[in-house]
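Residues 18 to 218, numbered by this note's numbering, are exactly what the sequence shown covers, in order. Yeah, the Cβ is synthetic: ideal placement off N, Cα and C, and Gly gets one too.
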Amino acid sequence: MSLFYLLAVILIASAIFTITQKSPVYSVVGLLVNFLALAALYFTLNAEFLGVIQIVIYSGAILMLFVFVIALLSSGVGPFRAGPNRLPRIAAPALLTTLVAFGFLIFGIAQRPFGPLPPHRPTSFLGNVGDPNVFGSVGDFGVALFTVQLLPFEVTAFILMVAVIGVVLIAGDAVPQPTLGRHRPQKRAAEREPILKAPAP
């Protein structure tokens, strides 16, 4: 339990560090610590599959995508322009929304009774699929994903596919099309090379 509280403190501290840093590089470092702490939290809950996915996908692929975006923005490559700072205008609504969301969360937790957990059998969203003693294993997760949780899995895959198609359509309009030799700028008459004429006899 002490390890859980330690990881929870690291998660909260790294999240606050990420959103309060002015340098995007420091924010990426804080986000990396947050992802690794969350993966460690999954491992403590015997969810090794989620922990490995957290490290491989989030700490690896997605974080590397953030690094590439920061590198492109810092180098000035691409059609990126710094827009106006909207943070002061949205700070108050965002804070109010966060407080309301936390209020509903605390109210829901207070209204739901929680009994003591059985020893060495953590509560799982997987239901009774598989052996409860191997909760979070790859086999147990796969069985639950394609049986009990099949419909949410397919809906999530469909939403991701629609999002990818939308990104391609939106980005396609912003990419300049090659001219392929057409519409080349013509030189002015003064800049053209003079045509050599034969001397008159």
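Mind reading off the beta-carbon distance from residue 87 to residue 42? Whole number of angstroms is fine, and I expect it under 8 Å. Here residue 87 refers to the residue found at position 70 when the sequence shown is read from its first residue. Here residue 42 refers to the residue found at position 25 when the sequence shown is read from its first residue. About 7 Å separates the two Cβ atoms, so the contact holds.
For residue 55, which of helix, strand or coil comes out of DSSP? Taking the sequence shown and counting its residues from 1, the one referred to as residue 55 is at position 38. It is helical.
Does residue 108 pass the burial test, meaning 16 or more other C-beta atoms within 10 Å, or should it be called exposed? Numbered from 1 along the sequence shown, position 91 holds the residue referred to as residue 108. Exposed: under 16 other Cβ atoms inside 10 Å.
Applying the 10 Å Cβ sphere with the 16-neighbour rule, what's the burial state of residue 143? What you label residue 143 is simply residue 126 of the sequence shown in a count that begins at 1. Low confidence applies here, because residue 143 scores a pLDDT of 43, under 50, leaving its location unreliable; read the following figure in that light. With 16 or more other Cβ atoms within 10 Å, it is buried.
If contacts are defined as beta-carbon pairs under 8 Å, then residue 52 and residue 82 qualify, I think. What distance do you get, rounded to the angstrom? Residue 52 sits at position 35 when you count from the first residue of the sequence shown. Residue 82 sits at position 65 when you count from the first residue of the sequence shown. Not a contact, Cβ separation roughly 13 Å.
Give the DSSP-derived three-state secondary structure of residue 27 in the structure shown. Against the sequence shown, residue 27 aligns to sequence position 10. Looking at residue 27 - three-state DSSP - the assignment turns out to be helix.
Can you give me the Cβ contacts of residue 59 inside the same chain, cut-off strictly under 8 Å, excluding the 5 residues immediately before and after it? Here residue 59 is taken as the residue at index 42 of the sequence shown, counted from 1. The residues are 65, 67, 68, 71, 153.
By how many angstroms is the C-alpha of residue 84 removed from the C-alpha of residue 77? On the sequence shown, position 60 is the one that residue 77 refers to. On the sequence shown, position 67 is the one that residue 84 refers to. Spanning the two alpha carbons is a distance of roughly 11 Å.
Cβ neighbours of residue 24 in the same chain (closer than 6 Å, five flanking residues each side left out): Position 7 of the sequence shown, counted from the start, is the residue given in the question as residue 24. Hits under 6 Å: 54, 57, 58.
Taking just the CA atoms, how far does residue 185 sit from residue 127? Along the sequence shown, one-based indexing puts residue 127 at 110. Along the sequence shown, one-based indexing puts residue 185 at 168. Between residue 127 and residue 185, the C-alpha separation is close to 44 Å.
7 Å Cβ shell around residue 19 - same chain, five flanking residues per side excluded: For the purposes of this step, residue 19 is taken as residue 2 along the sequence shown, with counting starting at 1. Excluding positions up to five away in sequence, the list is empty.
With a threshold of 7 Å on Cβ separation, who are the neighbours of residue 155 within its own chain once the five nearest residues in sequence on each side are excluded? For this step, residue 155 is matched to residue 138 along the sequence shown. So the list reads 66, once near-sequence residues are dropped.
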